[in-house]
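A short write-up of the structure that comes next.
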Amino acid sequence: MLVKDSDFDSLVPGLPLSRRTFVGASLAAGFALSVRPALGQSVIQTAADGLVAGDIAIKAPDGVPVKAYWVQPAGKGPFPTVLVVQEIFGLHEYIRDVCRRLARQGYQAIAPNVFQRQGDPSRIASVPEILATIVSRVPDVQVMHDLDACAEWAAANGGDPARLGITGFCWGGRISWLYAAHNPKLKAAVAWYGRLSGASSEMTPKHPLDLVSALQAPVLGLYGAKDQGIPVSDVDAMREALTAAGKKGEFMIYPEAGHAFHADYRPSYRAEEAADGWKRLLAWFRANGV
């Protein structure tokens with residue numbers, strides 16, 4: 001169900017801020033660098049000409065109109081659909097640009113603001129505070145339901161329900177693994193440096209390594225060997241678990257990359273690895289029916 005902006009402006013004050021750069025040296029729970037605006041760092045900017053794009057709201061099962069960014073090629077669909085899941089920093093310009101990059105490849109892309117019930121990361125100055133006040137309060141089940149609502153909306157608005165994929169970055173990479181175990185209609189997933197293991201909690205009862213037997217779609221995992229929060233041993237364990245369970249999955253570990261190597265607005269960005277990962281993402285989706 002499509003809801004007008006006026007129905008939910010009170011839920012999330014203000015639109016997402018423009019893309020910003022992040023500087024700092026501390027890592028929190030393997031997620032990302034501290035949030036600080038900076039000038040002078042180049043970013044990728046994908047034009048929207050020839051595309052149809054906008055901010056929408058999709059009513060979730062709990063009745064909340066979830067804000068989302070939607071973009072697809074101009075013209076008649078149906079288009080294969082990719083759900084794009086944010087980092088801990090929210091639905092900012094980098095995630096929107098990723099959606100436009102996908103649309104330029106012929107996809108309908110939808111990125112929901114899955115943190116909107118808990119808060120706005122753009123208003124918080126540090127990673128530890130974002131983790132404590134927002135991320136730790138987001139239930140996995142809520143995110144799964146929000147993504148289901150986006151998939152249903154897509155199918156009714158120019159998307160092809162038979163060609164559904166998902167990709168996510170950092171926090172969203174873990175969610176991509178979870179969604180591959182949640183939605184039997186999903187054709188493929190691509191997880192960018194998503195955490196694979198961790199302590200169970202009320203909000204996050206299971207992690208990807210706990211859900212291998214439940215996976216219903218093939219997953220491509222893109223990781224950095226120098227990621228201080230996700231050890232290569234976790235990636236190796238996931239690879240072995242997939243093989244043992246007879247599940248389809250592939251991994252690419254970039255020897256010189258750390259965390260967030262695709263995030264072109266941050267110092268962690270590595271252009272060569274990001275470009276290679278993007279090519280692998282497109283090939284993975286097309287090889288698996290998305």
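Residue numbers 1 to 290, in UniProt numbering, belong to the letters of the sequence shown in order. Positions of the beta carbon are idealized from the N, C-alpha and C atoms, including for glycine.
For Val232, name the three-state secondary structure that DSSP assigns. DSSP places Val232 in the helix class (H, G or I) of the three-state scheme.
Ordered list of beta strand (DSSP E) runs contained in the stretch 51-94, each at least 3 residues: Complete beta strand (DSSP E) runs here, min 3: 51-59, 65-73 and 79-85.
Test item: CB-CB of Ser142 and Gln108 under 8 Å: For the record, residue 142 in the displayed sequence is Gln; it is not Ser. No, they are not a contact pair.
Does DSSP classify Gly289 as helix, strand or coil? Coil.
When the Cα atoms are used, what is the spatial distance from Ala257 to Arg270? Distance between the alpha carbons of Ala257 and Arg270 is about 7 Å.
Identified DSSP bridge partners for Pro112: Looking at the DSSP assignment, Pro112 forms a beta bridge with Ala68.
Quick one: what's got a C-beta closer than 6 Å to Val66's C-beta in the same chain, skipping five residues either side? Non-local beta-carbon contacts of Val66 in its own chain, meaning distances under 6 Å to residues more than five positions away in sequence, involve Ile58, Ala60, Pro112 and Asp146 in chain order.
What's the call for Lys185, buried or exposed, on a 16-neighbour Cβ count within 10 Å? By the C-beta density criterion, Lys185 is exposed, having fewer than 16 other C-beta atoms within 10 angstroms.
Report the rounded CA-to-CA distance for Ala214 versus His207, giving the unit in angstroms. Ala214 and His207: Cα-Cα distance of roughly 11 Å.
For Met252, does the three-state DSSP call read helix, strand or coil? The answer is strand: DSSP assigns Met252 an E or B state.
Have a look at the DSSP bridge pairing and note the partners of Leu164. BP columns for Leu164 point to Thr81.
List the whole-angstrom C-beta distance separating Ala275 from Ile253, where the pair is believed to meet the contact cut-off of C-beta under 8 Å. Incorrect: roughly 16 Å between the Cβ atoms, too far for contact.
Under DSSP, the beta strand (DSSP E) around Tyr223 begins and ends at which residues? According to the DSSP assignment, Tyr223 belongs to the beta strand (DSSP E) that extends over Val219 to Gly224.
Since Leu190 is in the beta strand (DSSP E), which residue starts that stretch and which ends it? At residue 190 the sequence reads Val, which differs from the Leu that was named. Where Val190 is concerned, the enclosing beta strand (DSSP E) stretches over Ala188 to Trp192.
Do Asp160 and Pro80 have their beta-carbon atoms positioned less than 8 Å apart in this structure? Asp160 sits close to Pro80, with the two beta carbons spaced by under 8 Å.
Would the beta-carbon of Arg163 fall within 8 Å of that of Val290? For Arg163 and Val290, yes; Cβs fall inside 8 Å.
Restricting to Cα atoms, I'd like to know which of Arg266, Val219 and Ala263 is closest to Gly246. Residue Val219 is the option with its Cα nearest to Gly246.
Mind pulling the beta strand (DSSP E) runs of 3 or more residues that sit fully within the stretch 116-176? As far as the stretch 116-176 is concerned, its whole beta strand (DSSP E) runs of at least 3 residues are 159-169.
Would you report the Cα separation of Arg137 and Cys99, rounded to the nearest angstrom? Straight-line measurement puts the Cα of Cys99 at about 26 Å from the Cα of Arg137.
How many Å lie between Ala180 and Phe169 at the Cα? Ala180 and Phe169 have their alpha carbons spaced roughly 15 Å apart.
Report yes if the CB atom of Val135 is closer than 8 Å to the CB atom of Trp192, and no otherwise. Not in contact: Val135 and Trp192 (Cβ atoms no closer than 8 Å).
Just the C-alpha distance for Leu242 and Ala48, rounded to the nearest angstrom, thanks. Cα to Cα, the separation comes out at about 38 Å.
Give me the Cα-Cα distance between Val64 and Pro255, rounded to the nearest whole angstrom. Answer to the nearest angstrom: the Cα atoms are 42 Å apart.
Spatial neighbours of Gly221 within its chain, please: C-beta separation below 6 Å, excluding the five flanking residues on both sides. Excluding the 5 residues flanking it on each side, Gly221 has same chain C-beta neighbours closer than 6 Å at Ala191 and Phe251, in chain order.
Cβ-based neighbour list, Trp284, same chain, cut-off 7 Å, excluding 5 preceding and 5 following: Here the set comprises Ala188, Val190 and Leu220.
Counted within 10 angstroms of its Cβ, other Cβ atoms place Thr204 as buried (16 or more) or exposed: It is buried - the Cβ of Thr204 has at least 16 other Cβ atoms within 10 Å.
Backbone secondary structure at Lys206 - three-state DSSP: Per DSSP, reduced to three states, the secondary structure at Lys206 is coil, with no helix or strand assignment.
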